[in-house]
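Asker:
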Amino acid sequence: MTVKEVIMIFPMWELVMFVSAYVPHIIACLIILATMVRKPFRWLILILPILVFGSLCSLAVMESRWHAEAEGYDMAMPSLREALEDYINSGKGSVEVILEGKLYPPVFGKIELMRYLKTWLGKSVFHDTDQDADYLPEAYNKGDDWFEATLGGPMVYTGALYAGDNETLWTAQQKKLEYIAHSLGVKPGDKALEIGCGWGRLSNYLASKGAKVTGVTMSSDQQAYARRMSQSLGNDVDILLTNFFDLNLPDKSFNVISSVEMAEHVGIRNYNKFLRKVHQLLADDGTFYLQVAGLPRGYATGYNHYEDLVWGLFMDEHVFPGADASCPMGWVVTHLEQAGFEVQSVHNMGYHYSKTLAAWLKNWEASKETIVKTYGERSFRRWQVFLAWSVRISRRGGSTVQFITATKSGQEAARIAAQNRLAPGMFQLPEPTSLPSR
184 MTVKEVIMIF PMWELVMFVS AYVPHIIACL IILATMVRKP FRWLILILPI LVFGSLCSLA
244 VMESRWHAEA EGYDMAMPSL REALEDYINS GKGSVEVILE GKLYPPVFGK IELMRYLKTW
304 LGKSVFHDTD QDADYLPEAY NKGDDWFEAT LGGPMVYTGA LYAGDNETLW TAQQKKLEYI
364 AHSLGVKPGD KALEIGCGWG RLSNYLASKG AKVTGVTMSS DQQAYARRMS QSLGNDVDIL
424 LTNFFDLNLP DKSFNVISSV EMAEHVGIRN YNKFLRKVHQ LLADDGTFYL QVAGLPRGYA
484 TGYNHYEDLV WGLFMDEHVF PGADASCPMG WVVTHLEQAG FEVQSVHNMG YHYSKTLAAW
544 LKNWEASKET IVKTYGERSF RRWQVFLAWS VRISRRGGST VQFITATKSG QEAARIAAQN
604 RLAPGMFQLP EPTSLPSR
């Protein structure tokens, strides 16, 4: 085996995750170690991590180029990210050709390296829960017209559940909402908590099942929209504008808790803290539904995962700042178990997410005239690139969405009820109906 072959199977993802999660601890250990050795050797201890980290970054740059060369890309062409940035700025060319034409190598280059060093690594390593108060409004306070042009009538910013190729976005989102309600086993009189409630669609759906629902968001736009929806529908829903980590409620306050594509925002370092708080607020006989989007580890043979990383860094810069906990299923399940949960069901729904994104892209492009008039051409094209690129990434498996249902470990009644409810064939797709718009 050549040196190049050894490097290309190096567990890069595991090392990046380890650094992101434990750099403060590593730095503390190195400082302590430096005080314990003789002065002539201290500089070696302090400079070693810089050399190791620099070598890993260089390795990522080289490995991404090797993968691209092996796939037949012309390395004299601009990188994929450079080509997309040129399209965003100039409008020249076709986003579909740039993404699907196999012309531009998806390499980890200067743009990605600078983004990782200056921003993403720092936010992962030093991600504090207070930072979310800055990141989340930036991602979600773009204006109701912006998201209505993307999400359409459902106003649901998460992957839907498609029963067939002719499914509409409305009915696919309704099926997803019903699947969540079924997974939770929600019933009249239950107290439900939705962490990251968005514009209130799921909170109101759970309320329509007879639950008393508390929704939590950090976006003032979302809170106002969700409250209008609840008032219009006459549902018992309380929408709070607060950081989930600041929520001060008694233990075991809720029978059912859901977090739908929100946990990515809490950060790698805070993931276990987040899950422990969910565990604390959930009743012993309760159920937790966790829907998460994440990148794979990158061990596939014959598949270039560097495009996924390049896409992820683009997303961090332009779409979801601070959402660094977009991790593989195994990582998520391990953290659930460490926090005291037993996973009862998992479904990989990445292709359904790709179809959802394709519907959003269609909505967005149909709204071009209105969006351009308000926000300008560049803003329209940047969001178009986000949607079109995400369709591709989630279709090919570079990112996916997991539908996870869990109960507290050691709670016999809860696990039996969940396993009976979630057994294959027990969930029946609802008849298509029109969801109320507000």
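In my numbering, the protein residues as written are 184 to 621. Idealized CB from N, CA, C, for every residue including glycine.
Quick check: the segment 364-377 against the segment 339-351, are there 3 or more CB pairs under 8 Å?
Answerer: These segments do not touch.
Asker: Classify T588 as buried or exposed, calling it buried when 16 or more other Cβ atoms lie within 10 Å of its own Cβ.
Answerer: Walking along the sequence shown from the start, residue 588 turns up at place 405. With 16 or more other Cβ atoms within 10 Å, it is buried.
Asker: I'd like to confirm the pairing. Which residues does DSSP put opposite Q474 in its beta bridges?
Answerer: Sequence index remark: in the sequence shown, residue 474 carries index 291 (1-based). The partner list for Q474 (beta bridge, DSSP) reads V443 and F586.
Asker: Within the continuous alpha helix (DSSP H) that includes Q463, where are the two ends?
Answerer: By 1-based counting over the sequence shown, the position of residue 463 is 280. Run containing Q463: Y454 to L464, per the alpha helix (DSSP H) assignment.
Asker: Could you tell me which of E548, S509 and Q585 sits nearest to G477, measuring between CA atoms?
Answerer: Your numbering for residue 477 matches position 294 in the sequence shown. That would be S509, whose Cα lies nearest to the Cα of G477.
Asker: In terms of residues, what are the limits of the beta strand (DSSP E) holding D421?
Answerer: Within the sequence shown, the letter at position 238 stands for residue 421. First-last of the beta strand (DSSP E) with D421: V420 to L424.
Asker: Tell me the residue span of the alpha helix (DSSP H) that contains N531.
Answerer: As a first step, residue 531 must be located in the sequence shown, where it is residue number 348. Not the alpha helix (DSSP H): N531 falls in the beta strand (DSSP E), residues F524 to N531.
Asker: List the endpoints of the continuous beta strand (DSSP E) containing K395.
Answerer: In the sequence shown, residue 395 corresponds to position 212, counting from 1. K395 -> beta strand (DSSP E) spans K395 to T400.
Asker: Could you check how far apart the C-beta atoms of Y270 and R564 are, in whole angstroms? I think they sit under 8 Å.
Answerer: Within the sequence shown, numbered from 1, the residue matching residue 270 stands at position 87. Within the sequence shown, numbered from 1, the residue matching residue 564 stands at position 381. That pair is a contact at about 6 Å.
Asker: Give the secondary structure of D468 by DSSP, where H, G and I count as helix, E and B as strand, and everything else as coil.
Answerer: On the sequence shown, position 285 is the one that residue 468 refers to. Reduced to three states, the DSSP call for D468 is strand.
Asker: Am I right that Y486 and V290 are in contact with their C-beta atoms under 8 Å? What's the rounded C-beta distance?
Answerer: As a position in the sequence shown, residue 486 is number 303, starting the count at 1. As a position in the sequence shown, residue 290 is number 107, starting the count at 1. That pair is no contact at about 15 Å.
Asker: Please report the straight-line C-alpha distance between V278 and A571, rounded to a whole angstrom.
Answerer: Residue mapping note: residue 278 aligns to position 95 of the sequence shown, counting from 1. Residue mapping note: residue 571 aligns to position 388 of the sequence shown, counting from 1. Their backbone Cα atoms lie some 8 Å apart in a straight line.
Asker: Under three-state DSSP, which class holds K374?
Answerer: Here residue 374 corresponds to residue number 191 of the sequence shown, with the count starting at 1. Three-state DSSP puts K374 in a strand.
Asker: What residue range does the alpha helix (DSSP H) around H365 cover?
Answerer: Against the sequence shown, residue 365 aligns to sequence position 182. That run of the alpha helix (DSSP H) goes L352 to L367.
Asker: Quick check: what's the CA-CA separation for S577 versus R411?
Answerer: For the purposes of this step, residue 577 is taken as the residue at position 394 of the sequence shown. For the purposes of this step, residue 411 is taken as the residue at position 228 of the sequence shown. Between S577 and R411, the C-alpha separation is close to 33 Å.
Asker: Just how far apart, CA to CA, sit R553 and R604?
Answerer: In the sequence shown, residue 553 corresponds to position 370, counting from 1. In the sequence shown, residue 604 corresponds to position 421, counting from 1. According to the sequence shown, residue 553 is Thr rather than Arg. Taking the straight line joining both Cα atoms gives about 45 Å.
Asker: Would L519 pass as a contact of S441 if the rule is Cβ separation under 8 Å?
Answerer: Residue 519 sits at position 336 when you count from the first residue of the sequence shown. Residue 441 sits at position 258 when you count from the first residue of the sequence shown. No, Cβ-Cβ distance for L519 and S441 is not below 8 Å.
Asker: Going straight from the alpha carbon of I214 to that of S582, what length do you get?
Answerer: The sequence position of residue 214 within the sequence shown is 31, counting from 1. The sequence position of residue 582 within the sequence shown is 399, counting from 1. The straight-line gap from Cα to Cα measures roughly 38 Å.
Asker: Hey, how far is the Cα of V449 from the Cα of G347?
Answerer: Within the sequence shown, numbered from 1, the residue matching residue 449 stands at position 266. Within the sequence shown, numbered from 1, the residue matching residue 347 stands at position 164. Computed Cα separation, rounded: 34 Å.
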